[in-house]
Amino acid sequence: MKHTRFKNGFLSTYCGLFFVLLSPDQSYCHRLQHDMYFLISNSRLNEQVVDKIILQLNRVYPQILTNTEAEKFRNPKASLHTRLSDLIKHLQKKGERHCQEFYRALQINAEQLYNDLPSRKILSPVFFLACFSAAAGFALFWYCCNSDAKVIGRSRRILGFSPIIIGRHVRNICMLYLEDISRN
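Numbering (mature numbering (1 follows the signal peptide of the UniProt record, and there is no 0)), first residue to last: -29 to -1, 1 to 155.
Printed below as a string of structure tokens:
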């Protein structure tokens, strides 16, 4: 995944993943690029399933893998991790149809794993609303922690009139914290 540095210095490692989650109609090659890390990590696919996928890609019409390519990716001398990553990279170079057939073979031979792929998990708007609410809460808390007395007075007014936005217990804790800060 691509690492991007923002102006404030935070490092975003999953910006590509969120793009995949937000747009399920992406190309199969792009989806496979992001799913590759999930498929290769922690030995999610065993030897038998990988062999079944390779054989299916070899036997499907039009043929996705030639006989020599299939033998290369089924070579037991190479580690499973290496064979699988080489297979995925090879399919990405070949094009969209090849990546689509890989997903089809994965769905047939390992349906549970196919359903758990990161590109298949589409988050609901409630998730993004919850993330935004948490970010707004942290921003408000940061605003309240400023030592400026004017800021504390304003934030106390905001917290005092927000029983709907945040829970009563959380509001009481924040109010007690603000009172302690204003005494010091």
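All residues carry an ideal CB built from backbone N, CA and C; glycine is no exception. All of these numbers come straight from a predicted model, not from anything done at the bench.
Query	Result
Looking at Glu72: is its Cβ nearer than 7 Å to the Cβ of Val21?	no
Beta carbon of Lys23, beta carbon of Asn80: below 7 Å?	yes
Closer than 8 Å by C-beta to Ser(-3): which residues in its own chain qualify, once you throw out the five before and the five after it? Chain order, please.	Glu67 and Cys70
Reducing DSSP to helix, strand and coil, say where Asn17 ends up.	coil
Assign Cys(-1) to buried or exposed, taking buried as 16 or more other Cβ atoms, counted over all protein chains shown, within 10 Å of its Cβ.	buried
Please check the pair Ile11 and His61, which I expect to be a contact at CB under 8 Å, by giving their CB distance rounded to whole angstroms.	No, Ile11 and His61 are not in contact; Cβ-Cβ is about 14 Å, not under 8 Å.
Return yes when the Cβ of Ala76 is within less than 7 Å of the Cβ of Leu28, no when it is not.	yes
According to the neighbour-count rule (16 or more other Cβ atoms, all chains shown, within 10 Å of its Cβ), is Gln83 buried or exposed?	exposed
Return yes when the Cβ of Ser90 is within less than 7 Å of the Cβ of Arg15, no when it is not.	no
Indicate whether Ile25 and Ala41 have their beta-carbon atoms separated by less than 7 Å.	yes
How many angstroms separate the CA atom of Tyr8 from the CA atom of Leu55?	11 Å
Kindly indicate the opening and closing residues of the alpha helix (DSSP H) around Ile59.	Leu51 to Lys65
Would Leu6 and Leu88 qualify as a contact pair, given that the criterion is a beta-carbon distance under 7 Å?	Checking the displayed sequence, the identity of residue 6 turns out to be Asp instead of Leu. Yes, these two residues count as a Cβ contact at 7 Å.
Answer with buried or exposed for Leu147, where buried requires no fewer than 16 other C-beta atoms within 10 angstroms of its C-beta.	exposed
Given a threshold of 16 other Cβ atoms within 10 Å of its Cβ, counted over all protein chains shown, does Thr58 qualify as buried or as exposed?	The identity of residue 58 in the sequence shown is Leu, whereas the question assumes Thr. So Leu58 counts as buried.
Which two residues bound the contiguous alpha helix (DSSP H) that contains Ile11?	Tyr(-2) to Ile11
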